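Asks:
Number of protein chains: 2
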Amino acid sequence: MLTKGGCPKTALSIKDALEALEGRWKLLILFSLSAENKRFKQISKEVPGITDKTLSKELKSLEANKLIKRDVYNTFPPTVEYSITSHGKSLEKVMEELHYWGLLHRKKIIGK
Amino acid sequence: MLTKGGCPKTALSIKDALEALEGRWKLLILFSLSAENKRFKQISKEVPGITDKTLSKELKSLEANKLIKRDVYNTFPPTVEYSITSHGKSLEKVMEELHYWGLLHRKKIIGK
DNA sequence: GATATTACTTTCCCTTTGGATAGCGCTATC
DNA sequence: GATAGCGCTATCCAAAGGGAAAGTAATATC
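Taken in order, these protein sequences are the chains called A and B. Heads up: the first sequence begins at 182 in this note's numbering, then just goes up one per residue. Heads up: the second sequence begins at 182 in this note's numbering, then just goes up one per residue.
1. On a CA-only basis, which of L214(A), D197(A), I210(A) is nearest I231(A)? Give me that one, please.
2. Would you grab the beta carbon distance between G341(A) and I195(B) for me? Rounded to a whole angstrom, and I think it's under 8 Å.
3. Check the DSSP bridge columns for R220(B) and list the partner residues they point to.
4. Below 8 Å, can you find three or more Cβ-Cβ pairs linking the region 199-213 of chain A to the region 240-251 of chain A?
5. Output, in chain order, the set of chain B residues within a Cβ distance shorter than 8 Å of N218(A).
6. What are the start and end residues of the alpha helix (DSSP H) that includes I290(A)?
7. For E273(B), count neighbouring Cβ atoms within 10 angstroms of its own Cβ and tell me buried if that reaches 16, exposed if not.
8. Among residues of its own chain, excluding the 5 on either side of T235(B), which ones have a beta-carbon nearer than 7 Å to its beta-carbon?
9. Could you tell me which residues DSSP puts in a beta bridge with D252(A)?
10. Is DSSP giving G204(A) helix, strand or coil here?
11. Quick check on Y254(B): buried or exposed, where buried means 16 or more other Cβ atoms within 10 Å of its Cβ?
12. Is any beta-carbon of chain A found at less than 8 Å from that of L243(B)?
13. Rounding to the nearest angstrom, what Cα-Cα distance links S271(B) and E277(B) in this structure?
14. Assign T260(B) to buried or exposed, taking buried as 16 or more other Cβ atoms, counted over all protein chains shown, within 10 Å of its Cβ.
15. Based on Cα-Cα distance, which residue from C188(B), A198(B), H286(B), P189(B) lies nearest to L279(A)?
16. Would you mind working out which of K288(B), P189(B), I291(B), F257(B) sits nearest L214(A), comparing C-alpha positions?
17. To the nearest angstrom, report how far apart H268(A) and H286(B) are at their CA atoms.
18. Skipping 5 residues on each side, what residues in its chain have a beta carbon closer than 6 Å to that of N218(A)?
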């Protein structure tokens with residue numbers, strides 16, 4: 182195990198990560214954007230249960246942390262395209278591990 | 182990339198994982214317990230900022246998901262020992278990846 | 001007999017979150 | 001000229017979350 186259990190410095194960096202990703206939406210939004218660039222409405226359709234207000238807030242937070250990029254095109258009706266940044270892509274492994282663990286967890290606890 | 186971006190089934194398992202781990206405390210508690218078994222007060226000291234009420238609630242949720250185990254010894258004052266289960270240990274890789282990403286994120290965004 | 005100890009639970013209260021709904025600005029379509 | 005489309009923002013209000021502080025049980029210690 183590379184991650185030393187209980188080490189305070191390690192705990193701090195885990196805390197940093199959790200703060201940037203807090204809530205139940207951010208990783209799901211990032212995951213949806215990791216497939217392809219999307220517009221606001223598209224994301225809201227692909228992330229079930231999220232409201233416009235919350236989505237708008239989450240997107241701002243993700244942008245502030247440079248995990249996604251926002252491009253506005255001067256058209257009508259407005260076109261706003263969101264894309265994942267390289268920093269956002271660096272979360273791929275985290276999402277992968279979460280994915281594997283989620284499967285395991287469902288088998289073990291949820292879906293018995 | 183093994184995790185296919187945008188795949189709905191993958192998104193579902195990520196959602197499962199997020200639901201079991203939601204909030205900013207659970208992973209930190211698990212991380213602290215991954216070093217050694219601990220009692221209530223010890224945990225509350227090692228997870229800075231958490232209140233008794235919240236810790237109590239989080240521990241219950243972790244136990245319900247079989248991520249930790251709770252052992253009560255019939256002593257006075259009471260002794261209650263918490264330990265991580267094998268299912269909890271299966272989160273090691275998630276924590277590792279979060280740790281690495283947290284370091285990266287701090288370098289890139291927080292600590293400039 | 002006052003105090004400390006542990007692992008909580010309870011109460012009070014304030015802040016944050018989150019849903020529902022409506023609206024705006026401009027164009028194209030019916 | 002009514003309506004739909006997009007990407008939000010604003011408002012209102014109910015519900016949930018979370019902190020502070022005190023209480024409890026039984027024993028040991030001073």
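Backbone N, C-alpha and C define an ideal beta-carbon position, used for all residues, glycine too. As the structure is a computational prediction, the values presented were derived from the model and not from experiment.
Replies: Walking through what the data contain:
1. Counting from 1 along the first sequence, the entry for residue 231(A) is found at position 50. When each option's Cα is compared against that of I231(A), the closest is I210(A).
2. Given that chain A is displayed from residue 182 to residue 293, the structure contains no residue 341(A) and the question cannot be resolved.
3. For the purposes of this step, residue 220(B) is identified with residue 39 of the second sequence, where counting begins at 1. Its beta-bridge partners are E262(B).
4. yes
5. Your numbering for residue 218(A) matches position 37 in the first sequence. What N218(A) touches in chain B: nothing, since even the nearest Cβ is about 11 Å away.
6. Along the first sequence, one-based indexing puts residue 290(A) at 109. Membership of I290(A) in any alpha helix (DSSP H) is not indicated, and neither H nor E is assigned to it by DSSP.
7. Locating residue 273(B) in the second sequence gives position 92, counting from the first residue. Its Cβ being crowded by 16 or more others within 10 Å, E273(B) is buried.
8. Locating residue 235(B) in the second sequence gives position 54, counting from the first residue. Result list for T235(B): W206, in chain order.
9. In the first sequence, counting from the first residue as 1, residue 252(A) sits at position 71. Paired residue(s): E262(A).
10. Start at 1 with the first residue of the first sequence, and residue 204(A) comes out as number 23. DSSP places G204(A) in coil when its eight states are reduced to three.
11. The count along the second sequence starts at 1 and reaches residue 254(B) at position 73. Exposed, because fewer than 16 other Cβ atoms sit within 10 Å of the Cβ of Y254(B).
12. As a first step, residue 243(B) is located in the second sequence; it is residue number 62 there, counting from the start. Cβ-Cβ to chain A under 8 Å: no for L243(B).
13. Taking the second sequence and counting its residues from 1, one reaches residue 271(B) at position 90. Taking the second sequence and counting its residues from 1, one reaches residue 277(B) at position 96. Taking the straight line joining both Cα atoms gives about 11 Å.
14. Here residue 260(B) refers to the residue found at position 79 of the second sequence. With fewer than 16 Cβ atoms within 10 Å of its Cβ, T260(B) is classed as exposed.
15. Locating residue 279(A) in the first sequence gives position 98, where the first residue counts as 1. Out of C188(B), A198(B), H286(B), P189(B), A198(B) has the C-alpha closest to the C-alpha of L279(A).
16. Within the first sequence, residue 214(A) is the residue found at index 33, counting from 1. Nearest Cα to L214(A) within the set K288(B), P189(B), I291(B), F257(B): P189(B).
17. As a working note, residue 268(A) is residue 87 in the first sequence. As a working note, residue 286(B) is residue 105 in the second sequence. If I take the Cα positions, the gap works out to 8 Å.
18. For the purposes of this step, residue 218(A) is taken as the residue at position 37 of the first sequence. E262, S264, listed in sequence order.
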